[in-house]
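The block underneath contains the structure these notes are about, expressed in structure tokens.
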Amino acid sequence: MLRYVRWAAAVAAGLLVAGCGGGASGGGGDEGKAASRQPSAAAGGSAALPVSLTSQKLDWSRCKATSDSAAPGDEWRCATLKVPLDWAKPDGETIGLALIREQASGGPGKRIGSLLFNFGGPGGSGVSTMPYYASTVSALRERYDLVSWDPRGVGASEGIRCRSDKDIQSAESIDATPDTPAEETAYFQDAADFGKGCEKAAGKLIAHVSTTDTARDMDLMRQVLGDAKMHYFGISYGTELGGVYAHLFPKKVGRLILDAVVDPTADSVGQEKNQAAGFQRALDDYLRSTGQDPDQGSRKIADLLKRLDAAPLPTSSGRKLTQSLAVTGIVLPLYSQDSWPTLTSALKAAEQGDGSELLSLADQYNERDSSGHYGTTTHSQRVISCLDDKERPTLAETKKRLAEFEKVSPVFGDFLGWDSAGWCHDWPVAGQWDTPGVSAPGAAPILLVGNTGDPATPYEGARRMADELGKGVGVELTWKGEGHGAYGSGSDCVDSAVNAYLVSGTVPKDGTVCS
Numbered sequence: 000m001l002r003y004v005r006w007a008a009a010v011a012a013g014l015l016v017a018g019c020g021g022g023a024s025g026g027g028g029d030e031g032k033a034a035s036r037q038p039s040a041a042a043g044g045s046a047a048l049p050v051s052l053t054s055q056k057l058d059w060s061r062c063k064a065t066s067d068s069a070a071p072g073d074e075w076r077c078a079t080l081k082v083p084l085d086w087a088k089p090d091g092e093t094i095g096l097a098l099i100r101e102q103a104s105g106g107p108g109k110r111i112g113s114l115l116f117n118f119g120g121p122g123g124s125g126v127s128t129m130p131y132y133a134s135t136v137s138a139l140r141e142r143y144d145l146v147s148w149d150p151r152g153v154g155a156s157e158g159i160r161c162r163s164d165k166d167i168q169s170a171e172s173i174d175a176t177p178d179t180p181a182e183e184t185a186y187f188q189d190a191a192d193f194g195k196g197c198e199k200a201a202g203k204l205i206a207h208v209s210t211t212d213t214a215r216d217m218d219l220m221r222q223v224l225g226d227a228k229m230h231y232f233g234i235s236y237g238t239e240l241g242g243v244y245a246h247l248f249p250k251k252v253g254r255l256i257l258d259a260v261v262d263p264t265a266d267s268v269g270q271e272k273n274q275a276a277g278f279q280r281a282l283d284d285y286l287r288s289t290g291q292d293p294d295q296g297s298r299k300i301a302d303l304l305k306r307l308d309a310a311p312l313p314t315s316s317g318r319k320l321t322q323s324l325a326v327t328g329i330v331l332p333l334y335s336q337d338s339w340p341t342l343t344s345a346l347k348a349a350e351q352g353d354g355s356e357l358l359s360l361a362d363q364y365n366e367r368d369s370s371g372h373y374g375t376t377t378h379s380q381r382v383i384s385c386l387d388d389k390e391r392p393t394l395a396e397t398k399k400r401l402a403e404f405e406k407v408s409p410v411f412g413d414f415l416g417w418d419s420a421g422w423c424h425d426w427p428v429a430g431q432w433d434t435p436g437v438s439a440p441g442a443a444p445i446l447l448v449g450n451t452g453d454p455a456t457p458y459e460g461a462r463r464m465a466d467e468l469g470k471g472v473g474v475e476l477t478w479k480g481e482g483h484g485a486y487g488s489g490s491d492c493v494d495s496a497v498n499a500y501l502v503s504g505t506v507p508k509d510g511t512v513c514s
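Quick note on numbering: the sequence shown equals residues 0 to 514 in numbering that gives the first Met the number 0.
Printed below as a string of structure tokens:
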């Protein structure tokens, strides 16, 4: 499957830098579908919890290296938080969530509290990402404990691996834009097999990794950390999680920043259309920057992908660059404008018959290292999003929509149109909502940062999130920039506004624009 991880820009750029030496959209949700949205706080978010959970003491100790990341520096400490497996049974079985923290440097007189970070995905590891991202938020380290965690089903928190490395690589040969009945059968069989692998690996956890579950974990985390209010920095998917938290616990909202905002009014097909539009917009901007006409440049890339569908390109590794891997390789550099030259080089090489550079980019996005080991971000992402999303498009419905997707994007539309059907095909558990409930009447102002050139979470999502949160709650800040996310991307205007909000509580005027 090709659904692109809705991940922090800093993470995507870090992958790109690490690998260069050698995988969500317009579209509309129906704001009237309140009954199909997630339950409100009254459905369990405010119930009294066992003292064994709320009074637990975290044993902060030096963090250890994992199979996927080295141990961070001595300033970081790690701990495990116990949370209910099933929030409907808070007295029942528990699971452990891995946390990481660097304490505020300013001391008791200056410390505001904990600032929780979620870097997106769903499925991204906060434990491995937080130390990397800390330099970006250095202005906040004096006043806040910087805290992140691996959400349930992710990384060190009961992380789910649905498929072996060998099987992942084998599945790369599956055509993600099937052209024949045989290819359609193979595509949907692969999707069903992936779901069965997730069910086998996760067991009963597969029904308890929703965004709602994680939002409730966050509030327990807040209590155990000793904070009266939730201070939170959510990026990409982390903005959806932040909106759901505010909906469930509006009175506990402190200072919430949502950067690279997911459109909460779009259902799962709408999110795929949004991403098709967002990546095409970013590609058009990239093409203009190289002096190309966007329409002509897109047609040239679409023609390259069509040729790859028929005849994959050779690479220096001996593997083949398939059409699907090429699309993924094109996507990664669009996450950061600094990476656009890398895309130019990779496309030029592919036009000359060498797929090595695009394959390297795809491998970075898919977290494949030189030994052939793959990370599990996309596994966790799929398990979480398929528990969240009710929609299960049929083959017939998908084929009807393909022309719409291709109109939105001649390069990405076909892939994301098919992905809308294959992503949760024959999934072993039912989804919970059409769109997430994020209305938060009575909550403190929440700052939403939208980037006009964002490929993965298009800019329009910030305004829609503001409207859904409610009047006086959602405050929109716009940056006229490129790449996924705005904070820490080079805008002093954005960084100053965010820092002032978090440090002093200064809320910018709704609609403020940073150019």
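The beta-carbon is built from N, C-alpha and C at its ideal position, and this holds for glycine as well. Just so it is clear, the structure is predicted and the values come from calculations on it, not from any experiment.
How big is the Cα-Cα spacing for residue i and residue j?
{"i": "Pro515", "j": "Lys305", "result": "With the chain covering 0 to 514 only, the question about residue 515 has no answer from this structure."}
{"i": "Tyr132", "j": "Tyr231", "result": "15 Å"}
{"i": "Thr314", "j": "Gln222", "result": "52 Å"}
{"i": "Asp90", "j": "Cys385", "result": "26 Å"}
{"i": "Leu219", "j": "Leu80", "result": "9 Å"}
{"i": "Ile94", "j": "Asn117", "result": "19 Å"}
{"i": "Lys56", "j": "Val50", "result": "11 Å"}
{"i": "Trp478", "j": "Asn450", "result": "5 Å"}
{"i": "Gln380", "j": "Arg151", "result": "11 Å"}
{"i": "Gly328", "j": "Ser359", "result": "7 Å"}
{"i": "Asp216", "j": "Val82", "result": "6 Å"}
{"i": "Phe193", "j": "Asp164", "result": "13 Å"}
{"i": "His246", "j": "Leu96", "result": "22 Å"}
{"i": "Ser134", "j": "Gly489", "result": "13 Å"}
{"i": "Pro440", "j": "Ile256", "result": "17 Å"}
{"i": "Asn365", "j": "Val326", "result": "12 Å"}
{"i": "Gln168", "j": "Pro107", "result": "51 Å"}
{"i": "Arg110", "j": "Glu92", "result": "35 Å"}
{"i": "Asp174", "j": "Ala69", "result": "35 Å"}
For residue i, count the other beta carbons within 10 Å of its own beta carbon; 16 or more makes it buried, fewer makes it exposed. Which is it?
{"i": "Glu239", "result": "buried"}
{"i": "Arg5", "result": "Since pLDDT at Arg5 reaches only 47, below the 50 mark, its modelled position is unreliable, and no value is offered."}
{"i": "Asp494", "result": "buried"}
{"i": "Val146", "result": "buried"}
{"i": "His372", "result": "exposed"}
{"i": "Leu447", "result": "buried"}
{"i": "Glu467", "result": "buried"}
{"i": "Ala465", "result": "buried"}
{"i": "Thr211", "result": "buried"}
{"i": "Lys399", "result": "exposed"}
{"i": "Asp226", "result": "buried"}
{"i": "Asp387", "result": "buried"}
{"i": "Gly277", "result": "buried"}
{"i": "Pro340", "result": "exposed"}
Taking only heavy atoms of the ligand ADP into account, decide whether any of them is closer than 7 Å to the Cβ of residue i.
{"i": "Leu303", "result": "Among the components modelled here there is no ligand, and therefore nothing to report on the ligand ADP."}
Put residue i into one of helix, strand or coil per three-state DSSP.
{"i": "Ser147", "result": "strand"}
{"i": "Gly482", "result": "coil"}
{"i": "Thr434", "result": "coil"}
{"i": "His246", "result": "helix"}
{"i": "Thr213", "result": "helix"}
{"i": "Thr142", "result": "The residue you asked about is not Thr; residue 142 is Arg in the sequence shown. Three-state DSSP puts Arg142 in coil, outside helix and strand."}
{"i": "Ser163", "result": "coil"}
{"i": "Ser156", "result": "strand"}
{"i": "Phe193", "result": "helix"}
{"i": "Tyr236", "result": "helix"}
{"i": "Ile173", "result": "coil"}
{"i": "Val493", "result": "helix"}
{"i": "Tyr186", "result": "helix"}
Are the CB atoms of residue j and residue i within a distance shorter than 8 Å?
{"i": "Val428", "j": "Ala138", "result": "no"}
{"i": "Val268", "j": "Ser235", "result": "no"}
{"i": "Pro507", "j": "Val472", "result": "no"}
{"i": "Ala525", "j": "Asp453", "result": "With the chain covering only 0 through 514, there is no way to say anything about residue 525."}
{"i": "Thr511", "j": "Ala499", "result": "no"}
{"i": "Ala265", "j": "Thr434", "result": "yes"}
{"i": "Trp417", "j": "Thr179", "result": "no"}
{"i": "Val126", "j": "Cys197", "result": "no"}
{"i": "Pro409", "j": "Ser297", "result": "yes"}
{"i": "Thr456", "j": "Gly122", "result": "no"}
{"i": "Asp144", "j": "Gln102", "result": "yes"}
{"i": "Arg254", "j": "Leu476", "result": "no"}
{"i": "Thr375", "j": "Gly158", "result": "yes"}
{"i": "Pro263", "j": "Gly242", "result": "yes"}
{"i": "Ala281", "j": "Leu346", "result": "no"}
Check the Cβ-Cβ distances between residue i and every residue of chain C, and say whether any is below 8 Å.
{"i": "Ala265", "result": "You won't find chain C in this structure, because it holds only one protein chain."}
Legend entry - Every unbroken alpha helix (DSSP H) within the stretch 258-336, with a cutoff of 4 residues, ordered by chain: 267-288, 293-309 and 322-330
Legend entry - Secondary structure, beta strand (DSSP E): runs of 3+ residues fully inside the stretch 332-408: none
Inset, instruction - Output the residue ranges of the alpha helix (DSSP H) runs that lie fully inside the stretch 45-131 and measure 4 residues or longer, sorted by chain position. - result: 50-53
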